[in-house]
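A.B. asks: Residue numbers (the numbering used here), protein chains in the order written: chain H, 1 to 241; chain B, 1001 to 1300. Note that beta-carbon positions come from the ideal geometry of N, C-alpha and C, so glycine has one too. First the structure, then my questions, so here it is.
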C-alpha cells in the first residue's frame, strides 16, 4: 500500500550566482507522515524549505505542494501549509490570545469559530491562566507548544517545522513531540528539521542532505541497517563527515 | 580551579541561582547541563566578573570574582552564547584585535590555537559576519584562547550547531584540556554530558546532582524499561493508560517506561501490549542514560 503523495519534488535546483544551494533534489513526502529533513549547517535545508513554502522560486525543477504548483500557485500553497521556526513564530509583545486571534484572522477563520478553537486549544495546552499574558514573559517550552499549535490552527495539510525544539529540557522536548505525533495522527503531514538525532528516530522517514544534495532517504531503521550504525547519530556522522 | 560557594542571584523577584556551590578542579573538563532558564549563563557571567552575585562567594584560581575582577579577566577566556565578535572585521582582524587587547600577539600564542585556527585560516580575509556557523564557532574559540587563558568558560558553544560540527568541537575541547586549561562548558544537549570529566545537572537555579557522567547513571536507583512496537503514537497512548505507569516518554526509536515504585514487570507490560494488538513488541530493562536521570530529578 502506497500512501498519497502530498509533496512532490522533481529535480529541484536553486542557485545563488555560481553557488548551487540545492543540487537536483528529488523526493516525495506522503500524507500524514513525519518527514525528517536533516543536514549539516549550510547543507541547503533552509533554502529548500523556503522554496517548498512558496517564499522563494527555484532555479529549475517541478514541485507540487498539496497538489499546487510552486511557480503559479504560491498563494494557494501558503493557505494550505503551516510554518514554525525556533527563530520566529509568535509576536513577543502581543498576548497569547492576541497571537492566536491574529493568526486566525490572517488565515480567514471566522471569529466565532476562532473563539471556540482558542478555548479548546488553551485547555488542551493547560494555558488558560496565561491567556492574557504577553508572549515575552512565557517559558520557552510554552512558547514552542503555542507556536506549533498556532501553526496548525487553520488545519493545514502540511506543517513545516524548522528546528522547533532547541534549548528546552528533555521532558518539555518530549511533550512537544507528543503534539507532533498527535498532528500526524490527525492527518497533518509534518516536515521537520532538527539537530537532535534522537528526534530523527521519531520520524517515519528521514532525508539527509550534504553540500546541496540528498545523500540518503529512508526509514530510520533501514538507514541504520544500510550504514551499519547503532543510531541515527552514527548514520549522520557517516554521511555528513 | 573554580570554587563556588552559596552563590545566589535575583533578577527582581525571580531567583535565577539558589545558593549554588560547586568546585571545578584544575585541568578538568566540567559540564553544566541544563535547559534554557536553568541559570547556566547567570553563573558563568558571575564567574566572568560581568555580573555581581547577591550573596555567596566565588574564586577563580584563588582570585575573588568581586575584589580581584581585573586580575581574573587576564586569566580567563570566554565564549558567550551569542556570537560576539566584530562582524565587520575580518577573521584575522578579530584575532589580532583580541591579541592586542590582552597585550600579546597572534605569533606568541599561535601554538595554542593552531589546530583550531588553521581550519579557518584560508578565510582569514573574510568578514566574521559572513562565516558559516561552524566557522564562527572556531573563530570565537580562537579569540577566547589567544591570550593563553588558564580557565576557559564556554556558554552553550554547540547550541544550534549540527551533529558533525558538535563532535569536532568536543574533540577540540579534549585537545585543549591536555594543555592544562580548566574548562567549564554549558550545554542543553544531554548526550554531550558523557564527554565531560564531571557534570552538574542544573534546573531552575538549583543543582540536581554533581558527579562523573558514568557515576550519575550508575547510582540512579530507578528501573527503566525500554519498549518498542510498530505504531509509536498508539504505543505511547497505551503505555500511559497502563494503571501502574509513572512516566512514559519517547527516546529515539524506543519508549522509556518507569512504573510506580518500579513494581512493573517486563512480562506484565509485554502481555498488556500484545493484548492490545501491538506488533513487533520489544520490552526490556536497560541501564539509564543521563537524560533519564535528568528527567527523573527534574520532576521531583
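Mind listing the chain B neighbours of residue 236/H? Cutoff is C-beta to C-beta under 9 Å, in chain order.
C.D. replies: Translated into positions along the first chain, residue 236/H becomes position 236. Chain B residues near residue 236/H: 1162, 1163, 1164.
A.B. asks: Return no unless some Cβ of chain H is closer than 8 Å to the Cβ of residue 1232/B.
C.D. replies: Counting from one through the second chain, the residue named residue 1232/B turns up at place 232. At least one chain H Cβ lies under 8 Å of residue 1232/B.
A.B. asks: Looking at C-beta atoms only, is the number of pairs between the segment 1032-1046 of chain B and the segment 1179-1194 of chain B that lie closer than 8 Å three or more?
C.D. replies: Taking 8 Å as the limit for Cβ pairs, the verdict is that the segment 1179-1194 of chain B does touch the segment 1032-1046 of chain B.
A.B. asks: By a C-beta neighbour count over all protein chains shown, 10 Å radius and 16 as the cutoff for buried, is residue 103/H buried or exposed?
C.D. replies: The residue labelled residue 103/H in the question sits at position 103 within the first chain. Classification for residue 103/H: buried.
A.B. asks: With respect to 7 Å, is the separation between the Cβ of residue 237/H and the closest non-hydrogen atom of the ligand FMN below this value?
C.D. replies: The ligand content of the structure shown is nil, which means the ligand FMN is not present either.
A.B. asks: Any chance you could list the alpha helix (DSSP H) runs of at least 4 consecutive residues sitting entirely within the segment 1039-1106 of chain B, in chain order?
C.D. replies: Entirely contained in the segment 1039-1106 of chain B, the alpha helix (DSSP H) runs reaching 4 residues are, in chain order, 1040-1047, 1069-1075, 1091-1101.
A.B. asks: Do residue 159/H and residue 37/H come within 8 Å of each other at the CB atom, strictly closer than that value?
C.D. replies: Numbered from its first residue, the first chain carries residue 37/H at position 37. Numbered from its first residue, the first chain carries residue 159/H at position 159. Result no, Cβ atoms of residue 37/H and residue 159/H do not sit closer than 8 Å.
A.B. asks: Quick check: the segment 1104-1124 of chain B against the segment 1164-1179 of chain B, are there 3 or more CB pairs under 8 Å?
C.D. replies: At 8 Å Cβ cutoff, the stretches touch.
A.B. asks: At 4 residues or longer, what runs of the alpha helix (DSSP H) sit wholly inside the segment 47-126 of chain H?
C.D. replies: You should have 74-80, 96-106, 111-124.
A.B. asks: For a contact meaning CB atoms closer than 9 Å, what does residue 1036/B contact in chain H?
C.D. replies: Position 36 of the second chain, counted from the first residue, corresponds to residue 1036/B. Those are 139, 140, 141, 166, 167, 168, 169, listed as they occur along chain H.
A.B. asks: As an exercise, report each continuous alpha helix (DSSP H) stretch of at least 4 residues that is fully enclosed by the segment 1207-1262 of chain B, in chain order.
C.D. replies: Fully enclosed alpha helix (DSSP H) runs of 4 or longer: 1213-1218, 1232-1241.
A.B. asks: In chain order, what residues of the same chain have a beta carbon less than 6 Å from the beta carbon of residue 54/H, not counting five sequence neighbours either side?
C.D. replies: Taking the first chain and counting its residues from 1, one reaches residue 54/H at position 54. Correct list, in chain order: 74, 77, 78.
A.B. asks: Taking only three categories from DSSP, how would you classify residue 167/H?
C.D. replies: Locating residue 167/H in the first chain gives position 167, counting from the first residue. In the structure shown, residue 167/H sits in coil (DSSP, three-state: anything other than H, G, I, E or B).
A.B. asks: Going along the chain, which residues of its own chain have a beta-carbon closer than 6 Å to the beta-carbon of residue 1083/B, five neighbours each way excluded?
C.D. replies: What you label residue 1083/B is simply residue 83 of the second chain in a count that begins at 1. Hits under 6 Å: 1136.
A.B. asks: Pull up the distance between the alpha-carbon of residue 1215/B and that of residue 155/H, whole angstroms please.
C.D. replies: On the second chain, residue 1215/B is found 215 positions in, with the first residue counted as 1. On the first chain, residue 155/H is found 155 positions in, with the first residue counted as 1. Straight-line Cα distance between these residues: approximately 47 Å.
A.B. asks: If we ignore side chains and look at the alpha-carbon of each, how far apart do residue 1286/B and residue 1021/B end up?
C.D. replies: Locating residue 1286/B in the second chain gives position 286, where the first residue counts as 1. Locating residue 1021/B in the second chain gives position 21, where the first residue counts as 1. Near 32 Å, if we compare the C-alpha coordinates of residue 1021/B and residue 1286/B.
A.B. asks: With 16 as the cutoff for other CB atoms within 10 Å, does residue 1294/B come out buried or exposed?
C.D. replies: In the second chain, the residue the question calls residue 1294/B occupies position 294. With 16 or more Cβ atoms within 10 Å of its Cβ, residue 1294/B is classed as buried.
A.B. asks: In or out: residue 111/H buried (at least 16 other Cβ within 10 Å) or exposed?
C.D. replies: Your numbering for residue 111/H matches position 111 in the first chain. Answer is exposed; the Cβ neighbour count stays below 16.
A.B. asks: Does the CB of residue 1132/B have a neighbour CB from chain H at under 8 Å?
C.D. replies: Here the question's residue 1132/B lines up with position 132 in the second chain. Yes, contact with chain H.
A.B. asks: If you follow the beta strand (DSSP E) that residue 1199/B is part of, which residue opens it and which one closes it?
C.D. replies: Here residue 1199/B refers to the residue found at position 199 of the second chain. Its beta strand (DSSP E) spans residues 1198-1203.
A.B. asks: What's the C-alpha gap between residue 1258/B and residue 1247/B?
C.D. replies: By 1-based counting over the second chain, the position of residue 1258/B is 258. By 1-based counting over the second chain, the position of residue 1247/B is 247. Computed Cα separation, rounded: 5 Å.
A.B. asks: Run through chain B and tell me which residues come within less than 8 Å of residue 216/H, C-beta to C-beta.
C.D. replies: For the purposes of this step, residue 216/H is taken as the residue at position 216 of the first chain. Those do not exist, as residue 216/H stays about 14 Å from chain B at its closest Cβ, beyond 8 Å.
A.B. asks: Have a look at residue 96/H and residue 167/H and give me their C-alpha separation to the nearest angstrom.
C.D. replies: Taking the first chain and counting its residues from 1, one reaches residue 96/H at position 96. Taking the first chain and counting its residues from 1, one reaches residue 167/H at position 167. C-alpha separation (whole angstroms): 21 Å.
A.B. asks: Using a Cβ-Cβ cutoff of less than 8 Å, which residues in the same chain neighbour residue 1161/B once the five nearest sequence positions on both sides are dropped?
C.D. replies: Position 161 of the second chain, counting from 1, holds the residue named residue 1161/B. The answer, listed in chain order, is 1133, 1134, 1137, 1169.
A.B. asks: By the 7 Å beta-carbon criterion, what residues does the segment 190-219 of chain H contribute toward chain B?
C.D. replies: Cβ contacts with chain B come from 195, 197, 198, 201, 202.
A.B. asks: Which residues, in order along the segment 1259-1282 of chain B, keep a beta-carbon less than 9 Å from a beta-carbon of chain H?
C.D. replies: Of all residues in the segment 1259-1282 of chain B, none has a Cβ within less than 9 Å of some Cβ in chain H.
A.B. asks: Hey, how far is the Cα of residue 39/H from the Cα of residue 1108/B?
C.D. replies: Position 39 of the first chain, counting from 1, holds the residue named residue 39/H. Position 108 of the second chain, counting from 1, holds the residue named residue 1108/B. The straight-line gap from Cα to Cα measures roughly 38 Å.
A.B. asks: Should residue 1175/B go down as buried or exposed, given a rule of 16 or more other Cβ atoms within 10 Å for buried?
C.D. replies: Here the question's residue 1175/B lines up with position 175 in the second chain. So residue 1175/B ends up on the exposed side.
A.B. asks: What is the rounded straight-line gap between the Cα of residue 1008/B and the Cα of residue 1200/B?
C.D. replies: In the second chain, residue 1008/B corresponds to position 8, counting from 1. In the second chain, residue 1200/B corresponds to position 200, counting from 1. Cα-Cα distance, rounded: 16 Å.
A.B. asks: Does the beta carbon of residue 181/H sit closer than 8 Å to a beta carbon anywhere in chain B?
C.D. replies: Position 181 of the first chain, counting from 1, holds the residue named residue 181/H. Residue 181/H counts as touching chain B.
A.B. asks: Between 189/H, 196/H, 232/H, 197/H, which has its C-alpha nearest residue 4/H's C-alpha?
C.D. replies: Working through the first chain from its first residue, we reach residue 4/H at position 4. Cα-wise, what sits closest to residue 4/H is 189/H.
A.B. asks: Verify whether the separation of the beta carbon atoms of residue 1269/B and residue 1236/B is less than 8 Å.
C.D. replies: Taking the first residue of the second chain as 1, we reach residue 1269/B at position 269. Taking the first residue of the second chain as 1, we reach residue 1236/B at position 236. Taking 8 Å as the Cβ cut-off, residue 1269/B and residue 1236/B do not qualify as a contacting pair.
A.B. asks: To the nearest angstrom, how far is it from the Cα of residue 116/H to the Cα of residue 149/H?
C.D. replies: Within the first chain, numbered from 1, the residue matching residue 116/H stands at position 116. Within the first chain, numbered from 1, the residue matching residue 149/H stands at position 149. Their backbone Cα atoms lie some 14 Å apart in a straight line.
A.B. asks: Just to confirm my understanding: we take residue 1288/B, look at its own chain, exclude 5 residues before and 5 after, and list those with CB closer than 6 Å. What are they?
C.D. replies: One-based indexing of the second chain puts residue 1288/B at position 288. The answer, listed in chain order, is 1217, 1220, 1224.
A.B. asks: If we count the other Cβ atoms within 10 Å of its Cβ and call it buried at 16 or more, is residue 1/H buried or exposed?
C.D. replies: Residue mapping note: residue 1/H aligns to position 1 of the first chain, counting from 1. Any reading at residue 1/H is ruled out, since the residue's pLDDT is 41, under 50, leaving its predicted position unreliable.
A.B. asks: With 8 Å set as the bound, which would you pick, yes or no: does the beta-carbon of residue 1157/B sit closer than that to a beta-carbon of chain A?
C.D. replies: In the displayed structure, chain A is absent; the protein chains listed are H and B.
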